[in-house]
Every structure is written in structure tokens, then in C-alpha cells.
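Visitor:
2 protein chains.
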Amino acid sequence: MTKDQIAQRFKLLQEKIVSDLTSIDGKQSFQTDTWERAEGGGGKTMTIADGGIIEKGGVAFSKVYGDVSAVMKKQLGLDGDSFFATGVSIVLHPSNPFIPIIHMNVRYFELDSGVYWFGGGIDLTPHYIDMKLATDFHLGLKQICDKYNPDFYSKFKVQADDYFFIPHRNETRGIGGIFFDHQVHDENVSKQNLFDFCTELGESFPKLYGHQVEMNKSKTYTDEHIQWRNHRRGRYVEFNLVNDRGTKFGLLSVGRTESILMSLPPLANWTYCHEIKPLSKEFETQRKLVKAYPWIDGE
Amino acid sequence: MTKDQIAQRFKLLQEKIVSDLTSIDGKQSFQTDTWERAEGGGGKTMTIADGGIIEKGGVAFSKVYGDVSAVMKKQLGLDGDSFFATGVSIVLHPSNPFIPIIHMNVRYFELDSGVYWFGGGIDLTPHYIDMKLATDFHLGLKQICDKYNPDFYSKFKVQADDYFFIPHRNETRGIGGIFFDHQVHDENVSKQNLFDFCTELGESFPKLYGHQVEMNKSKTYTDEHIQWRNHRRGRYVEFNLVNDRGTKFGLLSVGRTESILMSLPPLANWTYCHEIKPLSKEFETQRKLVKAYPWIDGE
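Protein sequence lines, in the order shown, are assigned to chains V and F. According to the numbering used here, the first sequence is numbered sequentially starting from 1. According to the numbering used here, the second sequence is numbered sequentially starting from 1.
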């Protein structure tokens with residue numbers, strides 16, 4: 001399996017996800033934006049706006065390669081002269097506050113030395129946490145993980161708890177999911193297994209999200225729910241611009257700004273010292289935005 | 001002039017500015033939020049929301065002191081055991097898209113070794129640039145600068161051009177203003193002069209901004225103007241969370257999150273590859289968001 005085959009498969013994955021999400025949305029289709037990178041490679045960013053379900057979203061494929069720059073050496077600690085990176089990343093912001101924001105990313109990285117790794121993650125950010133659906137989401141991820149390695153879910157769930165955390169707010173971004181990086185083959189898992197794992201995660205994405213959409217899309221909402229949605233979107237912006245390593249690295253070095261920042265929401269809001277009514281739905285969600293919440297084992 | 005006298009004067013400055021801005025707003029008054037810092041000192045953040053002019057704004061005073069932490073040593077290169085810092089900072093987001101966003105900050109820093117410096121800046125971020133008012137703003141700043149040192153304006157204007165710049169967008173945040181840091185006395189300017197300069201900047205702030213408000217507040221606006229305002233607010237968020245050294249340092253180390261992030265706007269918007277119509281008002285503004293624009297000398 002060559003790096004180009006992996007990139008080719010990721011490209012197909014993007015097409016499949018876009019096709020499934022178009023059905024889920026039911027109203028708008030995705031627009032294609034193809035771009036090239038002067039130093040090597042390029043990508044295809046597919047975006048949707050003002051859909052039936054998705055107010056703003058993107059499914060991006062990229063395949064970039066070239067010299068390892070000084071900033072990459074320093075910030076990523078890369079030991080090589082040239083690199084190759086390919087991946088698919090998704091962020092969807094629904095309009096209905098009861099439908100969660102979702103993010104997914106699978107990626108492959110290789111250096112000229114032959115060193116490689118896979119990385120990826122999926123995490124869910126409900127504006128309002130529904131316990132049953134939070135468990136469903138984590139169970140779905142566990143099921144996929146378990147096929148490849150019995151340790152994957154518990155290990156990657158902890159890494160998601162650590163990664164999708166906003167230190168300056170002392171809260172998680174949402175209910176987490178799984179996160180992994182620098183995954184290489186070992187005695188239990190081959191390179192092919194890791195590749196299949198990433199592909200299956202991607203293939204399962206529309207089904208996992210579709211379930212969250214289906215169970216929430218007919219819920220009616222008020223201006224108050226929209227206020228809270230916009231407030232949570234503000235936190236999403238804070239995480240992405242302040243804490244997300246991928247965003248920071250992209251903006252500082254190799255990236256195409258619009259494609260990197262396709263993760264940002266349509267309308268977001270900041271209110272000074274936003275107050276939450278005790279025992280409200282918002283309160284119930286806020287108190288669960290803590291690290292290491294046992295979503296599968298329940299309360 | 002002791003550090004406590006400087007802090008005391010800054011505190012009075014906050015009160016005066018709040019009082020003047022209350023008159024300018026004409027509808028809402030400021031709310032007071034007093035906070036303490038466990039490691040030493042504290043502050044008073046005064047905020048306004050849903051005013052006649054100001055949709056969201058804050059005028060913050062702080063006086064903090066304590067040990068120089070490892071992160072401060074590393075990130076600020078501070079050579080000392082304990083520090084003292086006091087300042088006033090302001091960000092105002094008006095609702096009318098024709099009234100500019102404004103920011104001001106004056107600050108004083110001192111180490112136990114006796115090393116000190118003043119810093120500060122004012123910059124204006126019009127959603128729509130009015131050439132006459134842009135020139136007025138810069139002339140107002142130049143007038144104040146010139147009283148203290150004939151080099152201040154040109155030097156601090158260049159520093160503002162460099163500082164209030166968003167590299168990943170390759171555009172300035174707005175029309176700049178002045179920015180200075182690590183200012184110490186020399187043969188031309190005494191410590192008292194620097195202090196007076198900071199104080200006068202602060203005292204002049206309501207007049208400078210009041211003029212911008214007065215000339216724009218009766219302009220009517222449409223949904224399209226609001227869209228553009230929210231788009232420019234998005235860029236403001238990007239600058240503050242990605243590029244602003246004060247925000248980054250505050251979030252990483254000593255700060256109180258709500259007071260640091262009072263700079264973020266009420267509603268902000270991100271659209272994928274936002275398009276601007278050629279020769280529109282938005283286009284005219286966008287093309288002037290370049291470094292080193294000669295606001296005083298005109299086009």
C-alpha cells in the first residue's frame with residue numbers, strides 16, 4: 001500500500017461522505033473548491049451552507065508534499081527532508097440547536113525516511129447533551145475500535161478527553177469521542193489494519209451522525225435555544241483558534257486559510273460572564289462538560 | 001511616582017472613561033465586576049451590553065503582582081523574581097456597522113529589580129472605512145504624540161501596522177493607530193512624561209471615539225451591512241485569539257478568562273470564501289486593509 005493509494009482511498013472517502021451527507025441534509029448540495037499548493041500538492045474542499053440540516057459545513061480532502069520546512073522541524077519535531085501528508089477532515093454546524101456539531105478527521109503522514117503514521121479522531125459537540133444519544137455515539141465508536149484492537153477505544157477515548165479540552169474555560173468542547181496520533185503498526189496491528197481502521201471510521205461517519213440528526217431534527221426550538229447554540233459555538237471557535245494543534249500549525253505554516261478555518265461556525269456569540277439558570281437544560285449540559293465523563297457506563 | 005500611584009491614576013482613568021462612554025452611549029450604564037487574583041492583586045471589569053451605541057463593550061482595570069512564574073520567564077523573557085503590572089484596556093463593539101470597533105490599552109510593568117516599562121496602543125477597526133474619519137483619527141493621535149516626542153507618532157504608527165496585522169489573512173485588522181511597548185525614559189522623555197502620555201491617551205479616548213460615533217450614528221443600515229459587520233467581527237476574533245500577544249499570554253498564564261475575552265464581539269460570522277462584489281463599499285474597505293497605509297497623507 002503506497003502513499004498515493006492511501007491518498008486515492010481518502011479521496012473516495014470524501015466523495016462517499018459528501019454523497020451521504022447530501023442525503024442527510026436533504027436540501028442543499030456541496031460546492032467544490034479545488035486548490036493547489038505552490039510547494040506541492042493541493043486539495044479539494046467541499047462545503048455546504050444554509051442546508052436543511054447543516055447551516056455551515058465542510059468535508060475537505062488534501063494531499064500535500066514537499067520539503068520539511070524549518071517551522072515544521074521545530075514545531076512538529078520532524079526528522080526528515082521531505083514529507084507527504086493526506087487526510088480528510090469534516091466539521092458540520094447544524095442550524096437546529098438540538099442537533100450536535102460534529103468533527104472528524106483521518107490523516108496519513110510519511111517522511112522520506114520511510115517513517116509514517118496514521119492519525120485521526122471524531123468528536124461530538126452537542127449544544128444540549130442527550131444522555132442516550134451520547135452513549136449511542138460512544139458505543140458506535142467503541143464497536144468500530146473493538147474490531148481492530150480491544151485497547152483502542154479506552155485509549156483513544158482518554159486521548160480525546162485530553163485533546164478536546166479548553167483549559168482557559170476548564171471545560172471540554174463537547175462529549176469527546178476518540179482521538180489518536182502517531183499510530184504505527186506493531187505486533188497486534190498491521191499498517192493495513194490501521195489504514196482499514198481509518199477508512200472504516202470515515203465510512204461509518206455518516207451513519208453515526210445521521211442517527212444524531214434523525215433523533216433531533218424534528219425538535220422545535222426558540223430564540224433562547226439559538227442564543228445558547230451561538231454561545232456554545234463561541235466556545236468552539238475558542239478551542240479551534242486557541243487550542244487546536246492542527247489549526248495553529250496550519251495557520252503558521254503550510255496551509256490554505258479558508259480550508260483550515262472552514263471549521264468555524266456561521267453565527268457565534270460572546271456575552272460577558274454568560275449566566276446559566278440553575279437546573280436548566282443549559283445547566284445540565286454545562287455540568288457534564290468535564291474530562292473523563294463515562295459516557296458508556298452512564299451516570 | 002510609585003507603582004501604586006500609577007495604578008491609582010489608571011483606576012481614575014477607568015472611571016472617567018466609563019463616565020464619558022455612558023454619555024456617548026446614551027442608553028445603558030456599565031456593570032461592575034470586581035475580581036481578585038489568588039496570587040496577588042485583582043481588577044475591576046466594567047461592561048456594557050445592548051446599549052444605544054455599544055452592543056458589547058468593556059473597560060477593564062487591573063493591578064496584579066506576585067512571583068514571576070516559569071511560563072512568564074519563558075514567554076516574556078522576564079528577568080526577575082516578582083512583578084507588578086497595572087493597566088486599563090478597552091474594546092467596544094458598536095451595533096451600527098458604520099461605527100467602528102475600537103480598542104485601547106495603557107499599561108505599566110515593573111520588576112523587583114526596578115526595571116519598568118510603559119506600553120499601550122489605540123487602534124480603530126471600521127467595518128466600513130471613511131477616509132476623512134480615518135485621517136481624523138490618526139491626526140488626533142499624532143497631536144497627542146507630538147506633545148511628548150516628535151518621533152512618537154511615526155514610530156508607533158509603524159508598530160501598530162505591524163502589530164494589528166493578521167498574517168493568515170494577509171490583511172490588517174483595521175486602520176491601525178499607535179502601538180508601543182517597553183517604553184522607558186531616555187534623554188528626551190522622562191518617566192513622568194511617559195506616564196503623562198499614557199494618561200493623556202486614555203483621557204482623549206472618549207473624545208476620539210465620540211467623534212467617530214457622532215459622524216456615523218444616524219446612518220441607516222440594512223441586513224447586508226450587518227452581514228459584513230459580522231464578517232469583520234469574525235476577523236477581529238481571529239486576530240484576538242490567534243495573533244494578539246496579550247490575549248495569548250493571558251489565557252496561558254496569569255489571567256481571568258472572562259476579562260481577557262471581553263474583547264470578543266457579540267455576534268460574529270464566518271462564511272466559507274466570503275465573496276466581495278467588485279467596487280462595492282465592502283471592496284473599498286477591504287483593499288485598504290494593507291500595512292503602512294498613509295492615513296494622514298491621504299490617497
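Just so it is clear, CB atoms sit at the ideal spot from N, CA and C, and this is done for glycine as well. Only a predicted model underlies this, so the values are computations on that prediction, with no experimental measurement involved.
Can you list, in chain order, the residues of its chain with a C-beta nearer than 7 Å to that of G40 (chain F)? Leave out the 5 residues immediately preceding and following it.
Guide: Excluding sequence neighbours, G40 (chain F) sits near V64, Y65 and G66.
Visitor: Secondary structure at G202 (chain V), three-state DSSP: helix, strand or coil?
Guide: Here G202 (chain V) sits in helix by DSSP.
Visitor: Taking only three categories from DSSP, how would you classify K288 (chain F)?
Guide: Of the three classes helix, strand and coil, the one that applies to K288 (chain F) here is coil, per DSSP.
Visitor: Using the C-alpha atoms, what's the distance from G177 (chain F) back to T45 (chain F)?
Guide: When rounded, the distance between both Cα atoms is 24 Å.
Visitor: With respect to the alpha helix (DSSP H) encompassing D297 (chain V), which residues constitute its N-terminal and C-terminal limits?
Guide: Segment: none, D297 (chain V) is in no alpha helix (DSSP H) and carries neither H nor E.
Visitor: Could you check whether the Cβ of W270 (chain V) sits closer than 8 Å to any Cβ belonging to chain F?
Guide: Judged by the 8 Å Cβ criterion, W270 (chain V) is in contact with chain F.
Visitor: Along chain F, which residues have their Cβ under 8 Å away from the Cβ of L264 (chain V)?
Guide: By Cβ distance, chain F contributes G234 and W270.
Visitor: Give the interface partners of H225 (chain V) over in chain F, defined as CB-CB distance under 9 Å, in chain order.
Guide: Near H225 (chain V) there are no residues of chain F at all, since even the closest Cβ is about 16 Å away, more than 9 Å.
Visitor: Going by other Cβ atoms of all chains shown within 10 Å of its Cβ, with 16 needed for buried, is R107 (chain F) buried or exposed?
Guide: Answer is buried; the Cβ neighbour count reaches 16.
Visitor: Taking only runs of the alpha helix (DSSP H) that begin and end inside the region 146-172 of chain V, which ones reach a length of at least 4 residues, in chain order?
Guide: Within the region 146-172 of chain V, the complete alpha helix (DSSP H) runs of at least 4 residues are 152-163.
Visitor: Would you identify the three-state DSSP class for T103 (chain F), choosing helix, strand or coil?
Guide: According to the sequence provided, residue 103 (chain F) is His. The question's Thr does not apply to it. Here H103 (chain F) sits in strand by DSSP.
Visitor: How many Å lie between H182 (chain V) and Y116 (chain V) at the Cα?
Guide: Approximately 8 Å between the Cα atoms of the pair.
Visitor: With DSSP run on the structure shown, which of helix, strand or coil describes K44 (chain F)?
Guide: Note: K44 (chain F) maps to strand in three-state DSSP.
Visitor: Taking Cβ positions, are G58 (chain V) and Y272 (chain F) nearer each other than 8 Å?
Guide: Contact: yes.
Visitor: Quick one: any contact between the region 233-243 of chain V and the region 26-41 of chain V, if contact means 3 or more CB pairs under 8 Å?
Guide: Flag = no, the region 233-243 of chain V and the region 26-41 of chain V do not touch.
Visitor: Please compile the residues from chain F whose C-beta is within a distance smaller than 9 Å of the C-beta of L241 (chain V).
Guide: What L241 (chain V) touches in chain F: V237, E238, N240, L241 and V242.
Visitor: Between K219 (chain V) and the rest of its own chain, which residues show a CB-CB distance below 8 Å, the 5 nearest in sequence each way excluded?
Guide: N96 and F98.
Visitor: Which word fits G114 (chain F), buried or exposed, when buried means at least 16 other C-beta atoms lie within 10 angstroms of its C-beta?
Guide: G114 (chain F) comes out exposed.
Visitor: Can the beta-carbon of I53 (chain V) be found closer than 8 Å to that of G26 (chain V)?
Guide: Contact: yes.
Visitor: So that I know if they touch, is there some Cβ in chain F lying closer than 8 Å to that of E258 (chain V)?
Guide: Taking Cβ atoms only, chain F reaches closer than 8 Å to E258 (chain V), which makes this a yes.
Visitor: Can you tell which of V:N170, V:A85 and V:H138 has its C-alpha closest to the C-alpha of L111 (chain V)?
Guide: Of V:N170, V:A85 and V:H138, the residue nearest in Cα terms is V:A85.
Visitor: Looking at chain V, which residues of the region 143-177 of chain F have a Cβ within less than 7 Å of any of its Cβ atoms?
Guide: Result list: H168 and R169.
Visitor: Would you kindly work out how many angstroms separate the C-alpha atoms of V237 (chain F) and P265 (chain F), rounded to a whole number?
Guide: Spanning the two alpha carbons is a distance of roughly 7 Å.
Visitor: Please name the residue or residues paired with N269 (chain F) in a DSSP beta bridge.
Guide: Its beta-bridge partners are V:L267.
Visitor: Could you check whether the Cβ of L76 (chain F) sits closer than 8 Å to any Cβ belonging to chain V?
Guide: Not one chain V Cβ lies under 8 Å of L76 (chain F).
Visitor: Using CA coordinates, which residue listed in V:A134, V:S29 and V:L208 is at the minimum distance from G174 (chain V)?
Guide: For G174 (chain V), the nearest C-alpha among the options comes from V:A134.
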